[in-house]
Amino acid sequence: MLSLGESVVYAVGIALGGFFPGYYYYQSQRGNRTVTVKGLAEMEVRADLAVWKIKFKTTGNDLNELQKKMGADLKSIQQYLLKQGFQASEIIIGRMNTNDLMTNPYRDAKASDSRYILDQSITVRSDNVDLTESSLRDIGTLVSQGIIFDNQEYNAPVSYLFTGLNKIKPQMLEQATQNARQAAEEFAKSSGSVVGKIKTANQGVFSILPREQIAGSNESEQIEKTVRVVSTIVYYLD
Numbered sequence: 001m002l003s004l005g006e007s008v009v010y011a012v013g014i015a016l017g018g019f020f021p022g023y024y025y026y027q028s029q030r031g032n033r034t035v036t037v038k039g040l041a042e043m044e045v046r047a048d049l050a051v052w053k054i055k056f057k058t059t060g061n062d063l064n065e066l067q068k069k070m071g072a073d074l075k076s077i078q079q080y081l082l083k084q085g086f087q088a089s090e091i092i093i094g095r096m097n098t099n100d101l102m103t104n105p106y107r108d109a110k111a112s113d114s115r116y117i118l119d120q121s122i123t124v125r126s127d128n129v130d131l132t133e134s135s136l137r138d139i140g141t142l143v144s145q146g147i148i149f150d151n152q153e154y155n156a157p158v159s160y161l162f163t164g165l166n167k168i169k170p171q172m173l174e175q176a177t178q179n180a181r182q183a184a185e186e187f188a189k190s191s192g193s194v195v196g197k198i199k200t201a202n203q204g205v206f207s208i209l210p211r212e213q214i215a216g217s218n219e220s221e222q223i224e225k226t227v228r229v230v231s232t233i234v235y236y237l238d
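Numbered by my numbering, the letters in the sequence shown go through residues 1 to 238 in order.
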């Protein structure tokens, strides 16, 4: 039979034995109370780099004359670009390519096409986006001089790029986190909870989109763009 002191110690032991497992069970369950939310951030940006590929060509049967014509066309295009305001360092001259159709084994022997096709490209790489845009609109003056541009290159020759993504990432992630927190607080309010610390966070993928998202639109063809990121954040609920 237990003494009074032993009985008290035994009773306290039973009480504590029931308290601590229950306490830690509550803590562990509370740690599982979370809410997962997404935070969207968008920012309007403007392209800061233009890459303009100008491809021109000529055809004929006299290779020497064609080479002279290509040299004259190249000089005319360079003069045009310099007159527009581009720096010589922004103009990159590509090599001349010669295609002899007589070497094509599948060519129709009765075809009356010119024997030679010569083409060459000039790439303009400039951070002056507005100058590139205006020069592209005025390039018809070169067409009137008899310069033949490659149709595919001439119709969509410029890529407008935004290179400042790393500079705006911190600001956009902060905005996305704030928006996610607001969404979590709205959920917590309706459930009678309080938003706690962040459990996990995924910053998401940054996307550069055309500002005008019309059918068939391409981001690189538009100067004005939209940068978007969707962050996924898991918050504890208290």
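Glycine included, every Cβ here is placed at the ideal spot set by N, Cα and C.
(message) Along the chain, where does the alpha helix (DSSP H) containing residue 50 start, and where does it finish?
(response) On the sequence shown, residue 50 is found 50 positions in, with the first residue counted as 1. Premise fails: residue 50 lies in the beta strand (DSSP E), 49-60, not in any alpha helix (DSSP H).
(request) Look up residue 179 in the DSSP assignment and say whether it is helix, strand or coil. (result) Your numbering for residue 179 matches position 179 in the sequence shown. Of the three classes helix, strand and coil, the one that applies to residue 179 here is helix, per DSSP.
(request) Please report how far the alpha carbon of residue 73 lies from the alpha carbon of residue 99, in whole angstroms. (result) Along the sequence shown, read from residue 1 onward, the residue named residue 73 stands at position 73. Along the sequence shown, read from residue 1 onward, the residue named residue 99 stands at position 99. Spanning the two alpha carbons is a distance of roughly 18 Å.
(message) Whole angstroms are fine: how far does the CA of residue 167 sit from the CA of residue 33?
(response) Within the sequence shown, the letter at position 33 stands for residue 33. Within the sequence shown, the letter at position 167 stands for residue 167. Computed Cα separation, rounded: 36 Å.
(request) With a cut-off of 8 Å on the beta carbons, I'd call residue 125 and residue 77 a contact; round off their distance for me. (result) Numbered from 1 along the sequence shown, position 125 holds the residue referred to as residue 125. Numbered from 1 along the sequence shown, position 77 holds the residue referred to as residue 77. Actually they are not in contact, since the Cβ atoms of residue 125 and residue 77 sit about 15 Å apart, beyond 8 Å.
(message) Applying the 10 Å Cβ sphere with the 16-neighbour rule, what's the burial state of residue 163?
(response) Taking the sequence shown and counting its residues from 1, one reaches residue 163 at position 163. Counting Cβ neighbours within 10 Å, residue 163 comes out exposed, since fewer than 16 surround it.
(request) Keeping to the same chain, check which residues put their C-beta closer than 6 Å to that of residue 193; ignore five residues upstream and five downstream. (result) Taking the sequence shown and counting its residues from 1, the one referred to as residue 193 is at position 193. Take residue 193, set aside five residues on each side of it, and the residues of its chain with a beta-carbon closer than 6 Å to its own are 237, in chain order.
(message) Tell me the DSSP secondary structure of residue 137 in three-state form.
(response) Here residue 137 refers to the residue found at position 137 of the sequence shown. If DSSP states are grouped into helix, strand and coil, residue 137 belongs with the helices.
(message) Does residue 41 pass the burial test, meaning 16 or more other C-beta atoms within 10 Å, or should it be called exposed?
(response) As a first step, residue 41 must be located in the sequence shown, where it is residue number 41. It is buried - the Cβ of residue 41 has at least 16 other Cβ atoms within 10 Å.
(message) For the structure I just gave you, are there three or more beta carbon pairs, one from the stretch 40-58 and one from the stretch 222-237, closer than 8 Å?
(response) The stretch 40-58 is in contact with the stretch 222-237.
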